[in-house]
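The sequence shown begins at 1 in full-length UniProt numbering and counts up one residue at a time.
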Amino acid sequence: MRDLDRAMLVDTRAASPGAVAEAAHRRPRRDVRPDGRLMLIAADHPARGSLGVGDRPLAMASRVELLDRLLVALSRPGVDGVLATPDVLEDLLLLGALDGKLVIGSMNRGGIPGTAFEFDDRFTAYDAASIEDMGFDGGKMLLRIDPTDPATARTLEGCAHAVTDLAARGRLAMVEPFWVRRDEDGARRNDLSPEAMMRAVAIAQGLGATSAYTWLKVPVVADMERVMEASTLPALLLGGDPSTAPEEIYADWAKALRLPTVRGLVVGRALLYPPDDDVAAAVDTAVGLL
Numbered sequence: 001m002r003d004l005d006r007a008m009l010v011d012t013r014a015a016s017p018g019a020v021a022e023a024a025h026r027r028p029r030r031d032v033r034p035d036g037r038l039m040l041i042a043a044d045h046p047a048r049g050s051l052g053v054g055d056r057p058l059a060m061a062s063r064v065e066l067l068d069r070l071l072v073a074l075s076r077p078g079v080d081g082v083l084a085t086p087d088v089l090e091d092l093l094l095l096g097a098l099d100g101k102l103v104i105g106s107m108n109r110g111g112i113p114g115t116a117f118e119f120d121d122r123f124t125a126y127d128a129a130s131i132e133d134m135g136f137d138g139g140k141m142l143l144r145i146d147p148t149d150p151a152t153a154r155t156l157e158g159c160a161h162a163v164t165d166l167a168a169r170g171r172l173a174m175v176e177p178f179w180v181r182r183d184e185d186g187a188r189r190n191d192l193s194p195e196a197m198m199r200a201v202a203i204a205q206g207l208g209a210t211s212a213y214t215w216l217k218v219p220v221v222a223d224m225e226r227v228m229e230a231s232t233l234p235a236l237l238l239g240g241d242p243s244t245a246p247e248e249i250y251a252d253w254a255k256a257l258r259l260p261t262v263r264g265l266v267v268g269r270a271l272l273y274p275p276d277d278d279v280a281a282a283v284d285t286a287v288g289l290l
């Protein structure tokens, strides 16, 4: 990012904080594509302290570099919008990068990796009212279901309220479900088996007073055809492990995108921090799969 742009962001935030809301209210909006195929860039990892990409533990620590990469990604043909937390979206608003884009606000980022409360995914960012006030198009929530952790009940309740509140405002509710298992050493991990994902999807789609505005955000796992038979809701594929060879990730996406309920991609680190650092080429390849 040019020094002038960085200085503009800092100066504006310090002297004219109301400029964020003003930029949001004058932002040209758009509708979901008529065919429902979407390409969204995800950038909500830093809000949970998840700064690593592959073997680079602090790859996302530089906000200036992250914004630079987001500006490149959002400028590419076929990219429909972005999913991020308020801090990132407000920088992009001030930079004019969200004009005509779909904007999804990330809502519950309270489960910080490496902490005692890692799986307590409380709502610490957007709520439905603030998403509507900003003129954004929807909200995304993480739903990790640990059958051994009572805090899961609070997450379920919070997500259910968010789905209901977003739907009442005509906003998309994007739910990212995982079933959690405990290994022999007590460590908790997302269970990516087909059976676990089917169970997580079944629970996620039943949240809230209506599912009319609910979309799912799901990983690509084994036996994806059977997993997606668990739902009639539209789904977006989330990005793969950035340490995996890009060709393998793209092949997995291409196969899953042929399934009738899969309507596109929402990808962050795998496209923003590709091994060769060519963001434009990585994004263009992903768009070409749709």
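Glycine is no exception: its CB is placed at the ideal position from the N, C-alpha and C atoms.
Sequence-distant residues of the same chain with beta carbon closer than 7 Å to residue i, five excluded per side
i	result
M134	A24
residue 293	Because residue 293 is not part of the residues shown, which for the chain are 1 to 290, the question remains open.
S231	V201, Q205, L216 and T261
P242	V53, G54, R269, A270 and Y273
residue 347	The question about residue 347 has no answer, for the chain in this structure spans 1 to 290.
I249	G240 and A270
A280	V72 and R76
T285	Y250
Helix, strand or coil at residue i according to DSSP, with G and I counted as helix
i	result
T232	coil
M39	strand
L95	coil
L257	coil
L207	coil
V82	strand
Y250	helix
H45	coil
T164	helix
G114	coil
L289	coil
A200	helix
S243	coil
M8	helix
S130	helix
T124	coil
E65	helix
T148	coil
A19	helix
V72	helix
R154	helix
E225	helix
E90	helix
V283	helix
Close-in-space but distant-in-sequence residues of the same chain around residue i (CB under 8 Å, 5 per side omitted)
i	result
R33	D80
L4	none
Cβ pair residue i, residue j closer than 8 Å
i	j	result
G240	A42	no
G139	A128	yes
T214	V262	no
T155	D121	yes
M224	A245	no
L40	L102	yes
L83	V266	yes
L233	P177	no
A47	S106	yes
M126	P86	Reading off the sequence shown, one finds Tyr at residue 126, where the question assumed Met. Their beta carbons are under 8 Å apart, which means Y126 touches P86 by this criterion.
V221	L237	no
M60	N108	no
D137	L9	no
T12	A19	yes
G264	R37	yes
L207	A251	no
residue 362	D149	In the structure as shown, the chain begins at 1 and stops at 290. Residue 362 is therefore absent and cannot be evaluated.
I112	G186	no
A124	G110	Residue identity differs from the one stated: residue 124 is Thr in this sequence, not Ala. Contact flag set, yes.
E195	R171	no
R6	V64	yes
M197	I104	no
Sheet register partners of residue i (DSSP bridge)
i	result
E176	L142
D191	W179
residue 291	Here the chain has residues from 1 to 290 only, and residue 291 is not among them.
E106	Going by the sequence as given, residue 106 is Ser instead of Glu. Answer is K140, bridged to S106.
T214	A173
R56	V53
Residues near residue i by beta carbon distance below 6 Å, same chain, minus five either side
i	result
D183	none
A235	L216, V218, T261 and V262
M228	L259 and T261
V283	A73, R76 and L271
D146	F119, T152 and V180
Test: residue i CB closer than 8 Å to a CB of chain B
i	result
M39	No chain B appears in the structure shown, which is made up of a single protein chain.
| query | Should the region 68 to 86 be regarded as contacting the region 197 to 209, the criterion being three or more beta carbon pairs within less than 8 Å? | reply | Per the Cβ contact rule, the region 68 to 86 is not in contact with the region 197 to 209 (fewer than 3 Cβ pairs under 8 Å).
| request: Determine, using beta-carbon pairs with one atom in the region 268 to 282 and one in the region 48 to 56, whether at least three such pairs fall under 8 Å. | output: yes
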